[in-house]
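Asks: Using the numbering used here, the first residue of the sequence shown is number 3, and each one after it goes up by one. Glycine residues also receive a C-beta, built at the ideal position from the N, C-alpha and C atoms. Please read through the structure below; I'll follow up with questions.
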Amino acid sequence: MSREDTSIALYYRVAETVKGRIASNRYAPGSILPSENALALEFNVSNITLRKAMALLVEQGWVVRRRGIGTLAADRRDERIPLKITGNFSDWVDSAVNQRLGLAVEVLGISMVPCPFDVARLMNVESGSLIWEMRRLRKQKGNPVSFYINYALPEQVHGVTKKDVAKRPFIDVFQEKTGLKIHRIARQVEAGVADLDTGALLGVNFGAPLFFVTHTYFSCENAPLLVTKMIFRGDRYVYSGDTFLDRSNPKTG
C-alpha cells in the first residue's frame, strides 16, 4: 500500500480499507477474512501493524474473532439508517428518529450561549448575542450515531425542558409550545471528517467520515425560526431519495 500520506497511521488506513471492503460486501457478512499474514503481505505492513488494525476493527464491531475458525466479517447490513430526501418532512423525521431501530435520545444540555457567527447569519440576529442551545445524542443499542445542536430565540422556547424532548421530535415540541408553524426548511448537507471533539462524542476516530447537515426552519412569513445542526456517522447512515424525470420533456433523457 502507498505510504505517501504519513499523517495518518498505517494501522488506521489498513483498518479503514478492510472496513470499506466489509461495507461494500467484498468481504461478505459471516465470511472468513484472509489470514493476518496474507493481509500484512497485501498491505505491505508489519504483522504488528496489521494486528493493531484488526484490534481496532474488533473494537468497532466490524470483525469478530472465532477461536479455531479465524476472523469473520460482522453483519452490519441492518445498522445503516437511511435518511430520506423527499418533499415530505415527516419522511426525514421518521428516518432520522427511526424508532424501529431503537434509537434513543440523550439530552446533553440546554443552555444560553453566545450565538455562533454562522447561526447568527441564518437567524438574522447579532453574532455573539445570547441564543438558546440544546445538545443531544442519538444512540442505537447504547452507541452514539448522531449529534444534534438546536438553536432558537430564547423568548420562543422558554420553559422547554429535557423531559419535553427526550421522546418527542423537538420540532413538534417547538410548534406546540409556541403556536408557530414551520412552513419551509432550507437544508445543507456536507461531507466531512471527525475532529477530536466530534470523534469523542460519536465514538469514532479522528478522520472518520461524517455527514454535516444544517436545517434552517422558516415560518409562513419566511422568518427564520430555528437552526438545527446535525452530525451523522458516515458508517451508520446513508442518504436515499427519489428523482422523478419528466418523460414528456426530451431534455431529461
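#1: Can you name, in chain order, every residue of its own chain whose Cβ lies under 6 Å from the Cβ of Glu-108, other than the five neighbours on each side?
#2: Could you say which of Asn-39, Phe-208 and Val-159 lies nearest to Ala-11 if we only look at CA atoms?
#3: For Leu-204, which three-state DSSP category applies?
#4: Ends of the alpha helix (DSSP H) at Asn-145?
#5: Measure the alpha-carbon distance for Ile-71 versus Leu-41 and round it to whole angstroms.
#6: Find the nearest neighbour of Leu-74 within the set Gly-111, Val-20, Asp-120 and Leu-212, judged by alpha-carbon distance.
#7: Measure the alpha-carbon distance for Phe-213 versus Ala-188 and round it to whole angstroms.
#8: Which residue from Tyr-150, Gln-62, Ser-113 and Phe-119 puts its Cα closest to that of Thr-200?
#9: Thinking C-alpha only, which one of Cys-117, Val-60 and Val-175 is nearest Tyr-2?
#10: For Tyr-13, which of helix, strand or coil comes out of DSSP?
#11: Could you tell me the alpha carbon to alpha carbon distance between Val-47 and Lys-183, rounded to whole angstroms?
#12: Count the other CB atoms, across all protein chains shown, that sit within 10 Å of the CB of Phe-119; report buried if there are 16 or more and exposed otherwise.
#13: Restricting to Cα atoms, I'd like to know which of Ala-196, Gly-161 and Val-66 is closest to Lys-179.
#14: Can you tell me where the beta strand (DSSP E) holding Arg-235 begins and where it ends?
#15: Using C-beta distances below 6 Å, list every residue in its chain close to Met-136, excluding the 5 sequence neighbours before and after it, in chain order.
#16: To the nearest whole angstrom, what separates the beta carbons of Val-2 and Arg-235, a pair I think is in contact under 8 Å?
#17: Quick check on DSSP: helix, strand or coil for Ala-122?
#18: Which residue marks the beginning of the beta strand (DSSP E) containing Gln-142, and which one marks its end?
#19: Could you tell me which residues DSSP puts in a beta bridge with Ser-113?
#20: Roughly how many whole angstroms lie between the Cα atoms of Leu-132 and Val-66?
#21: Can you check whether the CB of Arg-170 is closer than 7 Å to the CB of Phe-220?
#22: Short of 7 Å in beta carbon distance, which residues of its chain neighbour Phe-91, apart from the five on each side in sequence? Order them along the chain.
#23: Within 10 Å of its beta-carbon, does Thr-163 have 16 or more other beta-carbons around it, so buried, or fewer, so exposed?
#24: Taking the straight line between their C-alpha atoms, what separation do you get for Ile-50 and Val-229?
#25: In its own chain, which residues sit with a C-beta less than 7 Å from the C-beta of Ser-129, not counting the 5 before and 5 after it?
#26: Where does Arg-68 sit, in a helix, a strand or coil, going by DSSP?
#27: If I follow the unbroken alpha helix (DSSP H) through Glu-44, where does it start and stop?
Replies: On the basis of the coordinates in this document:
#1: Counting only Cβ-Cβ distances below 6 Å, and skipping sequence neighbours, we find Leu-139.
#2: It is Phe-208.
#3: If DSSP states are grouped into helix, strand and coil, Leu-204 belongs with the helices.
#4: From DSSP, Asn-145 is part of no alpha helix (DSSP H) but of the beta strand (DSSP E) over 145-154.
#5: Rounded to the nearest angstrom, the two C-alpha atoms are 16 Å apart.
#6: It is Val-20 whose Cα lies nearest to the Cα of Leu-74.
#7: Approximately 16 Å between the Cα atoms of the pair.
#8: The residue among Tyr-150, Gln-62, Ser-113 and Phe-119 with its C-alpha nearest the C-alpha of Thr-200 is Tyr-150.
#9: The structure shown does not extend to residue 2, since the chain spans only 3 to 255, so no value can be given for it.
#10: Per DSSP, reduced to three states, the secondary structure at Tyr-13 is helical.
#11: Roughly 58 Å between the two C-alpha positions.
#12: By the neighbour-count rule (16 or more Cβ atoms within 10 Å), Phe-119 is not buried but exposed.
#13: Residue Gly-161 is the option with its Cα nearest to Lys-179.
#14: Here the beta strand (DSSP E) through Arg-235 covers 226-235.
#15: Excluding residues within five positions, the ones whose Cβ falls inside 6 Å are Ile-112 and Asn-152.
#16: No statement about residue 2 is possible, as the shown extent of the chain runs from 3 to 255 and does not include it.
#17: It is helical.
#18: 132-142 is the extent of the beta strand (DSSP E) around Gln-142.
#19: Looking at the DSSP output, Ser-113 sits in a beta bridge with Glu-135.
#20: In this structure, the CA atom of Leu-132 is about 48 Å from the CA atom of Val-66.
#21: Their beta carbons are not under 7 Å apart, which means Phe-220 does not touch Arg-170 by this criterion.
#22: With a pLDDT of 48 at Phe-91, under the threshold of 50, the modelled position of this residue cannot be trusted; read the value that follows with caution. Only Ile-187 meet the Cβ criterion.
#23: Counting Cβ neighbours within 10 Å, Thr-163 comes out exposed, since fewer than 16 surround it.
#24: Cα-Cα distance, rounded: 47 Å.
#25: Residues Cys-117, Phe-119 and Ala-122 of the same chain have their beta carbon placed closer than 7 Å to that of Ser-129, with the five preceding and five following residues left out of the count.
#26: Residue state, collapsed to three classes: strand.
#27: Per DSSP, Glu-44 is one residue of the alpha helix (DSSP H) stretching across 38-45.
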